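Numbering (UniProt numbering), first residue to last: 547 to 854. Below is one structure, written out as structure tokens, with a few remarks after it.
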Ligand code: ATP
């Protein structure tokens, strides 16, 4: 498959646009099976993003028509704010991201998903996906230069723009350590990057794409402290000023989120910021009690840039 990339690159923008969606779609959300076709309505208008506010309004969803993956889910992501989704495996976190990306359409009477007041079923998929940047758990690298891998976020990006994005994604210094800098081939047949480095490439790509809305799926694997810090900084630069929904596994992300939604069996059982949820002593507090000591949590609260 990789051998196809070279010749296909020359097809330019169209190929990139299609391929971008494939990469975003498949890899990002662990979507292993074929998503059913989602059809645009005849003469559907483009989505017009004004502020990037997202609203889930009483959303019900089932994959198989029997078991409900989401049950009466309502929440708002105010413009520019960060929302962290937490909850045990199977609680519905990925389903929320998949629905916002329109892998599936909601059935009539099963709620609505709105962006700046527009029902996402009513607008073109292309305009919707243009407005959304995706940072997957495990990013895909092409057997191509690091510049290509980053520049892929926006067709026609200049070398300077690529470098600025790499800097904001905390990847520039690492790239300079490669034998041919930005011209170094990465991927299976070039310099192999670690999981944390691949994620920073994905962040740089997304910074170039510059979407108003972000979907992030954090890796579950543990990272060493310096990588963790680099990613944290890169993510801070990325989420700034954008509406974001993250499947959050890192305490640092969760602590810094404007709103945390706690999911259980497809329902939101708690919501609020980190301090409030800990003080509430409910599901979230119990979850974190299991994972971190109170001192560790307090240290993170103090260190994070929490203004809510
Ligand atoms: P994890 O943390 O393990 O990724 P999650 O919170 O993201 O879990 P979802 O993937 O949203 O959970 O799954 C919610 C429910 O929907 C689960 O019961 C799951 O088994 C079911 N489900 C998810 N994907 C599919 C699918 N493609 N077909 C049928 N059922 C599915």
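In this text, a Cβ means the ideal position worked out from N, Cα and C, and glycines have one as well. The model shown is predicted, which means the values in this text are computed figures rather than measured ones.
Whether residue 639 touches residue 791 by CB criterion (7 Å): Within the chain shown, numbered from 1, the residue matching residue 639 stands at position 93. Within the chain shown, numbered from 1, the residue matching residue 791 stands at position 245. Contact flag unset, no.
- request: Return helix, strand or coil for residue 584, following the three-state DSSP convention.
  value: Position 38 of the chain shown holds residue 584. DSSP places residue 584 outside both helix and strand once states are collapsed to three, so it counts as coil.
Proximal residues to residue 729 (C-beta, below 8 Å), its chain only, five neighbours per side dropped: Start at 1 with the first residue of the chain shown, and residue 729 comes out as number 183. Contacts found: 691, 692, 693.
Distance CB(residue 718)-CB(residue 711) smaller than 7 Å: Stepping through the chain shown from its first residue, residue 718 is reached at position 172. Stepping through the chain shown from its first residue, residue 711 is reached at position 165. Taking 7 Å as the Cβ cut-off, residue 718 and residue 711 do not qualify as a contacting pair.
message: Would residue 715 and residue 780 qualify as a contact pair, given that the criterion is a beta-carbon distance under 7 Å?
response: Along the chain shown, read from residue 1 onward, the residue named residue 715 stands at position 169. Along the chain shown, read from residue 1 onward, the residue named residue 780 stands at position 234. Yes, these two residues count as a Cβ contact at 7 Å.
message: Let me check one thing: in DSSP terms, what residues is residue 628 bridge-paired to?
response: The count along the chain shown starts at 1 and reaches residue 628 at position 82. Its beta-bridge partners are 790.
field: residue 741, DSSP secondary structure in three states
entry: Here residue 741 is taken as the residue at index 195 of the chain shown, counted from 1. It is helical.
query: Quick one, what's near ligand 1 if you take every residue whose CB is closer than 5 Å to any heavy atom, in chain order?
result: Result: 609, 615, 635, 636, 637, 638, 639, 640, 641.
query: Hey, quick one: how far does the alpha helix (DSSP H) through residue 601 stretch, first residue to last?
result: Along the chain shown, read from residue 1 onward, the residue named residue 601 stands at position 55. Segment 600-607 is the beta strand (DSSP E) holding residue 601; no alpha helix (DSSP H) there.
- prompt: DSSP state of residue 817, grouped into three classes?
  reply: What you label residue 817 is simply residue 271 of the chain shown in a count that begins at 1. Here residue 817 sits in strand by DSSP.
Contained alpha helix (DSSP H) runs [length at least 4] in the stretch 709-740, N- to C-terminal order: Along the length of the stretch 709-740, whole alpha helix (DSSP H) runs at least 4 residues long occupy 718-722, reported in chain order.
message: Starting from residue 798, trace the alpha helix (DSSP H) in both directions and tell me its first and last residue.
response: For the purposes of this step, residue 798 is taken as residue 252 along the chain shown, with counting starting at 1. Residue 798 -> alpha helix (DSSP H) spans 797-802.
query: Looking only at C-alpha atoms, which of 623, 672, 624, 822 sits nearest to residue 649?
result: Against the chain shown, residue 649 aligns to sequence position 103. Taking only the C-alpha atoms, the option nearest residue 649 is 672.
message: Looking at the secondary structure, which residues open and close the beta strand (DSSP E) in which residue 810 lies?
response: Taking the chain shown and counting its residues from 1, the one referred to as residue 810 is at position 264. Residue range 805-810 is occupied by the beta strand (DSSP E) that includes residue 810.
The stretch 619-628 in contact with the stretch 592-602 per 3-pair CB rule at 8 Å: Cβ pair count under 8 Å is three or more, so yes.
message: If I measure Cβ to Cβ from residue 738 and keep anything under 8 Å in the same chain, skipping five residues before and after, which residues do I get?
response: Locating residue 738 in the chain shown gives position 192, counting from the first residue. Here the set comprises 732.
Extent of the continuous alpha helix (DSSP H) to which residue 649 belongs: On the chain shown, position 103 is the one that residue 649 refers to. Neither: residue 649 is in no alpha helix (DSSP H) and is coded neither H nor E.
- prompt: According to the neighbour-count rule (16 or more other Cβ atoms, all chains shown, within 10 Å of its Cβ), is residue 698 buried or exposed?
  reply: In the chain shown, counting from the first residue as 1, residue 698 sits at position 152. Counting Cβ neighbours within 10 Å, residue 698 comes out buried, since at least 16 surround it.
field: Through-space distance from residue 758 to residue 787, alpha-carbon basis
entry: Numbered from its first residue, the chain shown carries residue 787 at position 241. Numbered from its first residue, the chain shown carries residue 758 at position 212. Using only the alpha carbons, I get a separation of about 8 Å.
Identity of the residues DSSP links to residue 690 by a beta bridge: Start at 1 with the first residue of the chain shown, and residue 690 comes out as number 144. 732.
- prompt: To the nearest angstrom, how far is it from the Cα of residue 707 to the Cα of residue 802?
  reply: The count along the chain shown starts at 1 and reaches residue 707 at position 161. The count along the chain shown starts at 1 and reaches residue 802 at position 256. Rounded to whole angstroms, residue 707 to residue 802 spans 28 Å at the Cα level.
- prompt: Which residue from 654, 751, 674 puts its Cα closest to that of residue 646?
  reply: Mapped onto the chain shown, residue 646 falls at position 100. Just measuring C-alpha positions, the residue of 654, 751, 674 sitting nearest residue 646 is 674.
query: According to the Cβ coordinates, are residue 606 and residue 620 closer than 7 Å?
result: In the chain shown, counting from the first residue as 1, residue 606 sits at position 60. In the chain shown, counting from the first residue as 1, residue 620 sits at position 74. Cβ distance not < 7 Å, so residue 606 and residue 620 don't count as in contact.
- prompt: Is residue 683 helix, strand or coil by DSSP?
  reply: Walking along the chain shown from the start, residue 683 turns up at place 137. Note: residue 683 maps to coil in three-state DSSP.
- prompt: Taking just the CA atoms, how far does residue 658 sit from residue 664?
  reply: Taking the first residue of the chain shown as position 1, residue 664 is located at position 118. Taking the first residue of the chain shown as position 1, residue 658 is located at position 112. Cα to Cα, the separation comes out at about 9 Å.
- request: Measure the alpha-carbon distance for residue 793 versus residue 745 and round it to whole angstroms.
  value: Translated into the one-based positions of the chain shown, residue 793 becomes position 247. Translated into the one-based positions of the chain shown, residue 745 becomes position 199. Annotation: residue 793 to residue 745 spans about 14 Å, alpha carbon to alpha carbon.
query: From residue 769 to residue 588, what does the alpha carbon distance come to, in whole angstroms?
result: As a first step, residue 769 is located in the chain shown; it is residue number 223 there, counting from the start. As a first step, residue 588 is located in the chain shown; it is residue number 42 there, counting from the start. One alpha carbon belongs to residue 769, the other to residue 588, and they sit about 47 Å apart.
query: Looking only at its own chain, which residues have a Cβ that is under 7 Å from the Cβ of residue 564, when we skip the five neighbours before and after it?
result: Numbered from 1 along the chain shown, position 18 holds the residue referred to as residue 564. Its pLDDT being 48, under 50, residue 564 is placed unreliably in this model, and the value from its coordinates should be taken loosely. Within the same chain, no Cβ atom closer than 7 Å to the Cβ of residue 564 is found once the five residues on either side in sequence are excluded.
field: Assigned secondary structure, residue 769 (DSSP; H/G/I helix, E/B strand, else coil)
entry: Within the chain shown, the letter at position 223 stands for residue 769. Assignment of residue 769 by DSSP, reduced to helix, strand and coil, places it in the coil class.
- prompt: So what does DSSP say about residue 784, is it helix, strand or coil?
  reply: Taking the chain shown and counting its residues from 1, the one referred to as residue 784 is at position 238. When DSSP states are grouped into helix, strand and coil, residue 784 belongs to the helix group.
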